[in-house]
Amino acid sequence: MTKISPLVVFTEEDINHLKSSSTSGSVVVTKLIERLEMKLNDPDVFAHNSHQSHNRTR
Amino acid sequence: MPNFTTFILKVASRCNLDCSYCYMYKLADQSWVDQPNVMTSETWQVSANKIASYAKKHQLSSVGIILHGGEPLLLGKQRTESILTDFHSTLTKNGIRGSYGLQTNGTLLDESWIDLFHKFDVHIGISIDGDKDNHDKNRTYHSGQGSYSAVRKAIDLANSSPKGKEIFSGILSVINIESDPIMTLHSFLDMRVKNIDFLFPDLNYESIPPGKEDFNNTPYGDWLITIFDEYLKLNDPDISIRMFEVLMSLCLGYQQDIDMFGCTPIKILVIETNGDLNALDCLKASVETYLGANILNDDLECSTINHSELIKIQAGGYQSLCSKCQKCDNVSVCGGGYLPHRYSELQQFDNPSIYCADIYKLIEHIKAKLSAMKQ
Chain A
1 MTKISPLVVF
11 TEEDINHLKS
21 SSTSGSVVVT
31 KLIERLEMKL
41 NDPDVFAHNS
51 HQSHNRTR
Chain B
1001 MPNFTTFILK
1011 VASRCNLDCS
1021 YCYMYKLADQ
1031 SWVDQPNVMT
1041 SETWQVSANK
1051 IASYAKKHQL
1061 SSVGIILHGG
1071 EPLLLGKQRT
1081 ESILTDFHST
1091 LTKNGIRGSY
1101 GLQTNGTLLD
1111 ESWIDLFHKF
1121 DVHIGISIDG
1131 DKDNHDKNRT
1141 YHSGQGSYSA
1151 VRKAIDLANS
1161 SPKGKEIFSG
1171 ILSVINIESD
1181 PIMTLHSFLD
1191 MRVKNIDFLF
1201 PDLNYESIPP
1211 GKEDFNNTPY
1221 GDWLITIFDE
1231 YLKLNDPDIS
1241 IRMFEVLMSL
1251 CLGYQQDIDM
1261 FGCTPIKILV
1271 IETNGDLNAL
1281 DCLKASVETY
1291 LGANILNDDL
1301 ECSTINHSEL
1311 IKIQAGGYQS
1321 LCSKCQKCDN
1331 VSVCGGGYLP
1341 HRYSELQQFD
1351 NPSIYCADIY
1361 KLIEHIKAKL
1371 SAMKQ
């Protein structure tokens, strides 16, 4: 996975703040960012998923 | 030309359901009529060998192999076991990892199918459109009888065993804006389904989606925004709604490799039941997708495929977008919307998606919600 220019920028501080908050969506978004960072930083782990997903297949 | 990384095998060209909106049978491309009912062993063996050679040549460590239809379970268990054995052996021999998927309407699924898919690590998706009333409006047998009860049994079966849970990758649901969005989401959660995706109906400027008589109306965007807010409110990391995860990821600057959103080229090649090579299958909603080549006679890199206008468009990514889309501030996220939804007779695919206003509104909403979560 590569990075593109973000439309919304989350800093480390924003993520830490969100982790400790009970805002609607806070858990969903922090977990999503964790997963994305993991894919970004350890591409080998996800190499077996390097094919494109098809919208008409789950 | 970007490499193909996902190969969709139309292992059965017929379906035991007669869904009203089906892109295979009900829309522009009617070539299914001339297809054999199921794929022969010769066709899938040649496919496996040519895909392996292609992957080796292009140094792809893995490829996506998707069994699709029609209804792929109509291939039968014995043939399905053979196709999976042949693909697994051919790809492994060549040092290529196959990632196997299958999308089914669920009506024929039983325990022995689940055992078979588990044996070969085939991840299956099931199509269901919400509760019984909503589902049975469109997803019927040829007799007109609704298929909900059979599909529910399949989902319950997949959820009831460790093997089923391991291979059941979730559901696909076509959006019906007349349904209650919150009830629709909760109907899936009540089935203990937590991996969900919502699909826009495969329509375009020639076949206007219900509620989209005015291009600027946003009934699909509004329907999805209601679900998005409920999803955030539930705040359960075990619930995955693919469309929202992909859009949020792109907003946050993480490229996603899916044919629906983002400006990534479409890297999918379809092998029809008789071996004909085709562009992305959902384009059948708009145009004929045959590329003029057949896997039994042609190489995966034959000039007929590479020079096909349809392949150039699907591989074009950002370059294939109309000027309005190229200038849009959300283009890196929506990627112009799904290619099949951009079609008009006059301008072919040189249009924004028919759902542009809906997607734009949804992305703006997601951006606002994400921004509000910052310090």
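Protein chains in written order, with our numbering: chain A, 1 to 58; chain B, 1001 to 1375.
Just so it is clear, CB atoms sit at the ideal spot from N, CA and C, and this is done for glycine as well.
1. Once you ignore the five residues that flank B/Phe1228 on each side, which residues in its own chain have a CB closer than 6 Å to its CB?
2. Please list, in chain order, all residues of the same chain as B/Val1151 whose beta carbon is under 8 Å from its beta carbon, the five residues on each side excluded.
3. What is the residue span of the alpha helix (DSSP H) that B/Val1046 lies within?
4. Kindly indicate which three-state DSSP category A/Ile15 falls into: helix, strand or coil?
5. Work out the CA separation of B/Glu1081 and B/Gly1337 for me, nearest whole Å.
6. Straight-line CA distance for B/Ile1175 to B/Ala1285?
7. Who does B/Ile1066 pair with in a DSSP beta bridge?
8. Expressed to the nearest angstrom, what Euclidean distance is found between the alpha-carbon atoms of A/Asn55 and B/Ser1187?
9. Please classify B/Met1001 as buried or exposed, where buried requires at least 16 neighbouring CB atoms within 10 angstroms.
10. For chain A, find out if any of its Cβ atoms is closer than 9 Å to the Cβ of B/Ser1062; answer yes or no.
11. Excluding five sequence neighbours on each side, which residues of the same chain lie with their C-beta closer than 7 Å to the C-beta of B/Leu1224?
12. Rounded to whole angstroms, what is the Cα-Cα separation between A/Thr2 and A/Leu36?
13. Taking one C-beta from the segment 1351-1365 of chain B and one from the segment 1208-1226 of chain B each time, how about it: are there three or more such pairs within less than 8 Å?
14. In whole angstroms, give me the CA-to-CA distance for B/Leu1075 and B/Phe1168.
15. Just verifying my parser: in three-state terms, what is the DSSP assignment at B/Gly1336?
16. Just by C-beta distance, which residues in the segment 13-24 of chain A are closer than 7 Å to chain B?
17. Within the continuous beta strand (DSSP E) that includes B/Asp1197, where are the two ends?
18. Excluding the 5 residues flanking B/His1088 on each side, which residues of the same chain have their C-beta closer than 8 Å to its C-beta?
19. Taking the runs of the beta strand (DSSP E) that are 3 residues or longer, which of them lie wholly in the segment 1162-1222 of chain B?
20. Taking CB distances under 9 Å as the criterion, tell me whether A/Leu1 reaches chain B.
21. So what does DSSP say about B/Gln1314, is it helix, strand or coil?
22. Can you grab the Cα-Cα spacing for the pair B/Phe1004 / B/Ile1066, in whole Å?
23. So, is the C-beta of A/Leu55 closer than 9 Å to a C-beta in chain B?
Working from what's here:
1. Reading the second sequence from its first residue, position 228 is the one you call residue 1228 of chain B. Same-chain partners within the cutoff: Phe1244.
2. Locating residue 1151 of chain B in the second sequence gives position 151, counting from the first residue. If we look at B/Val1151 and ignore the five residues flanking it on each side, its Cβ neighbours are Asn1105, Gly1106, Thr1107, Ile1126, Ser1127, Ile1128, His1135 and Arg1139.
3. What you label residue 1046 of chain B is simply residue 46 of the second sequence in a count that begins at 1. From DSSP, the alpha helix (DSSP H) with B/Val1046 extends over Ser1041 to Lys1057.
4. Taking the first residue of the first sequence as position 1, residue 15 of chain A is located at position 15. In this structure, A/Ile15 counts as helix in the three-state DSSP scheme.
5. Reading the second sequence from its first residue, position 337 is the one you call residue 1337 of chain B. Reading the second sequence from its first residue, position 81 is the one you call residue 1081 of chain B. Cα to Cα, the separation comes out at about 36 Å.
6. Here residue 1175 of chain B refers to the residue found at position 175 when the second sequence is read from its first residue. Here residue 1285 of chain B refers to the residue found at position 285 when the second sequence is read from its first residue. Rounded to whole angstroms, the gap between the alpha carbons of B/Ile1175 and B/Ala1285 is 16 Å.
7. Here residue 1066 of chain B corresponds to residue number 66 of the second sequence, with the count starting at 1. DSSP, once it has assigned bridges, lists B/Ile1008 and B/Gly1101 as partnering B/Ile1066.
8. Residue numbering aside, residue 55 of chain A sits at position 55 when the first sequence is read from its first letter. Residue numbering aside, residue 1187 of chain B sits at position 187 when the second sequence is read from its first letter. If I take the Cα positions, the gap works out to 21 Å.
9. By 1-based counting over the second sequence, the position of residue 1001 of chain B is 1. With fewer than 16 other Cβ atoms within 10 Å, it is exposed.
10. Counting from 1 along the second sequence, the entry for residue 1062 of chain B is found at position 62. Yes, its Cβ sits closer than 9 Å to a Cβ of chain A.
11. Here residue 1224 of chain B refers to the residue found at position 224 of the second sequence. Once the five neighbours on either side are set aside, the close Cβ partners of B/Leu1224 are Phe1198 and Leu1362.
12. Reading the first sequence from its first residue, position 2 is the one you call residue 2 of chain A. Reading the first sequence from its first residue, position 36 is the one you call residue 36 of chain A. Looking at the two C-alpha atoms, the distance is approximately 10 Å.
13. yes
14. Stepping through the second sequence from its first residue, residue 1075 of chain B is reached at position 75. Stepping through the second sequence from its first residue, residue 1168 of chain B is reached at position 168. Going from the Cα of B/Leu1075 to the Cα of B/Phe1168 covers about 19 Å.
15. Here residue 1336 of chain B refers to the residue found at position 336 when the second sequence is read from its first residue. It is coil, neither helix nor strand.
16. If the cut-off is 7 Å between Cβ atoms, the segment 13-24 of chain A has Glu13, Asp14, His17, Leu18, Thr23 and Ser24 near chain B.
17. In the second sequence, residue 1197 of chain B corresponds to position 197, counting from 1. Run containing B/Asp1197: Asn1195 to Leu1199, per the beta strand (DSSP E) assignment.
18. Stepping through the second sequence from its first residue, residue 1088 of chain B is reached at position 88. Correct list, in chain order: Gly1098 and Phe1120.
19. 1168-1174 and 1195-1199
20. As a working note, residue 1 of chain A is residue 1 in the first sequence. Before going further, note that residue 1 of chain A is Met rather than Leu in the sequence given. A/Met1 counts as touching chain B.
21. Start at 1 with the first residue of the second sequence, and residue 1314 of chain B comes out as number 314. Residue state, collapsed to three classes: helix.
22. As a working mapping, residue 1004 of chain B is identified with position 4 in the second sequence. As a working mapping, residue 1066 of chain B is identified with position 66 in the second sequence. Looking at the two C-alpha atoms, the distance is approximately 13 Å.
23. Working through the first sequence from its first residue, we reach residue 55 of chain A at position 55. Per the sequence presented here, residue 55 of chain A reads as Asn, with Leu not at that position. So yes, A/Asn55 belongs to the interface.
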